[in-house]
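> Chains as they are written, first to last, in the numbering used here: chain A, -17 to 148; chain B, 784 to 1071.
Glycine is no exception: its CB is placed at the ideal position from the N, C-alpha and C atoms.
Quick caveat, the model's predicted, so the values are computed rather than measured.
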C-alpha cells in the first residue's frame, strides 16, 4: 500500500515521515521516531500504557492510526522533563511517593495525569481515581499513584503537599 | 497486532464522504472515533480495503438547539457530550451515561454517532436514545432521511442504515424542564459493557407521573424500549406496587445471552434491579 506523508509536532519538534495507512500511532512513535516511552501493554485499548497527549486529549495510541494524527501536536513521556533534565512535577511526585514498582504503566500514567491536572488543577482523590481509570497498574494497588498525582497537583499550584492520614 | 492494508481517505464534507462510500462499495468502511472498528481491524475480524475517516468533516461536529429539539453532530465525542453546558442543562442523562462508557481516553475519541450507529447491543447510548425518542439523520447518495431510534435497531450489528449511508446527527426532542432522569449500569469493571443497564426519563405533574420512558441496554440482541412498563408507570405516583409491576413488565421483554457477565436469568434480574434504582433516582430528581 502506498505510503502517506504525515507531519506533526512531537514533544515540541516538527517531524515529517512517510507511513503506511495501517501503521498504528504507537508503532509510529516507537519504531519510526524511536520514542519507546509509550508502551504496548494490552494492545486492545484497555490498559492505557500507550497513552499520549494529542491536541489536548489523552489518547490510546494503540487505537489510532498515525495518518489520523497528521497535523497533531503530541506529547509523550519523553517530553515531560525540561531540556536540562529537570523532572516534571508529576515525575518528581512518582519518585517521591513511590508511585511505581515495575514502571511499565508509568509513562501512560504520567501523561494521562498531566492532562487530568490541566483540566482540574486540584482534583479530589475520587476525581483522580476516576481520571486514571483508563490506566491499569498491576503492581502498586494505585495508592501511591494517587499520592504522586496529589503531590504534583500541590507542587504545580505552589501549595504544601500534605499526605492524607491512612 | 497490525491491521490489514487499506487505503485511507479523509473527506472534508458529508457529500464527499457519502460519494466515496458509494463509489468504493462494500470494501469501504466509514470510521468515526474508531474505538470499535480499529480493535476489530487489529484482530482481522474486519479488513476493509478503504477507510473513510469522518474526522475531517466539520459539519459533523457540534451541539445546537433547533426549535424544540437539540441536535448533536455525529462526530461529537463522549468527552464533548460530558463537557457541554447546553446538554448538562437540557438533557443531563447524556453526560451521566457518557461518564459510564469505557474510560477517559476512549471518551476523548469515541463519538456519540459511532456509539449509536454501530448497532452493538453493548453500547450505552442506543437505549438512552430510544428512551429519549431521538431521531437519527442518515445521509446516503439519494439524500437525507430521518430514522427513529426506536425503529433503528434490528439485530446485533444490524440497523436500518442502508449500505452507503452514514448517521450525520442525532435529533432529540428537548425533555420538559425539571424532568427526572437516571442511567443505571451494572458492569464488572471500568471499560466493561453492561451486565444490564436501564435509562429512565420521567416528568411529574400534581404528584403523578405525567410522562415516562424507559430504555434497556445489553439484555437482548438490540437495545430495548420498555413500552409496556412505561404505560404501567404513567399516571401513577410511583408507589412500590406499581414499580414492581412495571419492573416485571420490563424484565419480561429481555432475552439476554448467558456469557461471562452471568447467566441469562441473572442478567434479566439485574435489568430489573437497574430499572428499580433508575426509577428511584429519577423520581427524586423529578421532585415526586
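Please return the same chain residues whose Cβ sits closer than 6 angstroms to the Cβ of residue 79 of chain A, not counting the five positions on each side in sequence.
For the purposes of this step, residue 79 of chain A is taken as the residue at position 97 of the first chain. Once the five neighbours on either side are set aside, the close Cβ partners of residue 79 of chain A are 126, 129, 130 and 133.
> Give the interface partners of residue 817 of chain B over in chain A, defined as CB-CB distance under 9 angstroms, in chain order.
The sequence position of residue 817 of chain B within the second chain is 34, counting from 1. Here the neighbours are 45, 46, 47 and 50.
> What is the DSSP secondary structure of residue 970 of chain B, reduced to helix, strand or coil?
Residue mapping note: residue 970 of chain B aligns to position 187 of the second chain, counting from 1. Coil.
> Can you give me the start and stop residues for the beta strand (DSSP E) that residue -1 of chain A sits inside?
Residue -1 of chain A sits at position 17 when you count from the first residue of the first chain. Its beta strand (DSSP E) spans residues -5 to 1.
> Closer than 8 angstroms by beta-carbon distance: list the chain B residues that pair up with residue -17 of chain A, in chain order.
Working through the first chain from its first residue, we reach residue -17 of chain A at position 1. Within 8 angstroms Cβ-Cβ: 788, 789 and 790.
> Do you know offhand how far residue 94 of chain A's Cα is from residue 33 of chain A's?
Walking along the first chain from the start, residue 94 of chain A turns up at place 112. Walking along the first chain from the start, residue 33 of chain A turns up at place 51. Taking the straight line joining both Cα atoms gives about 7 angstroms.
> Comparing alpha-carbon positions, which option in A/146, A/97, A/-1 and A/135 lies nearest residue -15 of chain A?
The sequence position of residue -15 of chain A within the first chain is 3, counting from 1. When only C-alpha atoms are compared, the closest one is A/-1.
> Contact criterion: CB-CB distance below 8 angstroms. Does residue 966 of chain B meet it with respect to chain A?
On the second chain, position 183 is the one that residue 966 of chain B refers to. Closer than 8 angstroms: no.
> Mind listing the chain A neighbours of residue 784 of chain B? Cutoff is C-beta to C-beta under 9 angstroms, in chain order.
Taking the first residue of the second chain as position 1, residue 784 of chain B is located at position 1. Within 9 angstroms Cβ-Cβ: 6, 25, 26 and 44.
> Got a sec: is the Cβ-Cβ distance from residue 821 of chain B to anything in chain A below 8 angstroms?
One-based indexing of the second chain puts residue 821 of chain B at position 38. Residue 821 of chain B counts as touching chain A.
> Would you decide whether residue 100 of chain A is buried or exposed? Buried here means 16 or more other CB atoms lie within 10 Å of its CB.
Indexing the first chain from 1 puts residue 100 of chain A at position 118. Exposed.
> Going along the segment 968 to 980 of chain B in order, which residues come within less than 7 angstroms of chain A, judged by CB to CB distance?
Under the 7 angstroms Cβ criterion, the segment 968 to 980 of chain B contributes 973 and 974.
> Since residue 919 of chain B is in the alpha helix (DSSP H), which residue starts that stretch and which ends it?
Working through the second chain from its first residue, we reach residue 919 of chain B at position 136. Taken as a continuous stretch (DSSP letters only), residue 919 of chain B belongs to no alpha helix (DSSP H), being part of the beta strand (DSSP E) at 918 to 923.
> Return the chain-ordered list of same chain residues with a C-beta closer than 7 angstroms to the C-beta of residue 1062 of chain B, the five sequence neighbours on each side being excluded.
The count along the second chain starts at 1 and reaches residue 1062 of chain B at position 279. Same-chain partners within the cutoff: 983, 1021 and 1026.
> Just confirm the distance between the C-beta atoms of residue 52 of chain A and residue -10 of chain A, as a whole number of angstroms; I'd bet it's less than 8 angstroms.
If you number the first chain from 1, residue 52 of chain A lands on position 70. If you number the first chain from 1, residue -10 of chain A lands on position 8. Yes, residue 52 of chain A and residue -10 of chain A are in contact; Cβ-Cβ is about 7 angstroms, under 8 angstroms.
> Using three-state DSSP, classify residue 144 of chain A as helix, strand or coil.
Along the first chain, one-based indexing puts residue 144 of chain A at 162. Residue state, collapsed to three classes: coil.
> Closer than 9 angstroms by beta-carbon distance: list the chain A residues that pair up with residue 836 of chain B, in chain order.
Here the question's residue 836 of chain B lines up with position 53 in the second chain. Per Cβ cutoff of 9 angstroms: 47, 49 and 50.
> Return the residue from the list A/116, A/77, A/9 and A/72 that minimises the CA-CA distance to residue 137 of chain A.
Your numbering for residue 137 of chain A matches position 155 in the first chain. Answer by Cα proximity: A/72.
> Among B/950, B/847 and B/935, which one has its Cα closest to the Cα of residue 840 of chain B?
Residue 840 of chain B sits at position 57 when you count from the first residue of the second chain. Selected option, being the one with the closest Cα: B/950.
> Could you tell me which chain B residues have their CB closer than 7 angstroms to the CB of residue 41 of chain A, listed as they occur along the chain?
Here residue 41 of chain A corresponds to residue number 59 of the first chain, with the count starting at 1. Under the 7 angstroms cutoff, chain B gives 888, 891 and 892.
> Enumerated in chain order, which unbroken segments of the beta strand (DSSP E) with a length of 3 residues or greater are wholly contained in the segment 921 to 970 of chain B?
The segment 921 to 970 of chain B contains these whole beta strand (DSSP E) runs: 926 to 931, 936 to 938, 949 to 956 and 963 to 969.
> Report yes or no: is there a C-beta of chain B within less than 8 angstroms of the C-beta of residue 113 of chain A?
As a position in the first chain, residue 113 of chain A is number 131, starting the count at 1. Closer than 8 angstroms: yes.
> Is it the case that the Cβ atoms of residue 49 of chain A and residue 1 of chain A are separated by a distance below 8 angstroms?
Here residue 49 of chain A corresponds to residue number 67 of the first chain, with the count starting at 1. Here residue 1 of chain A corresponds to residue number 19 of the first chain, with the count starting at 1. Taking 8 angstroms as the Cβ cut-off, residue 49 of chain A and residue 1 of chain A qualify as a contacting pair.
> Is the segment 889 to 904 of chain B close to the segment 938 to 954 of chain B, with three or more CB pairs under 8 angstroms?
The segment 889 to 904 of chain B is in contact with the segment 938 to 954 of chain B.
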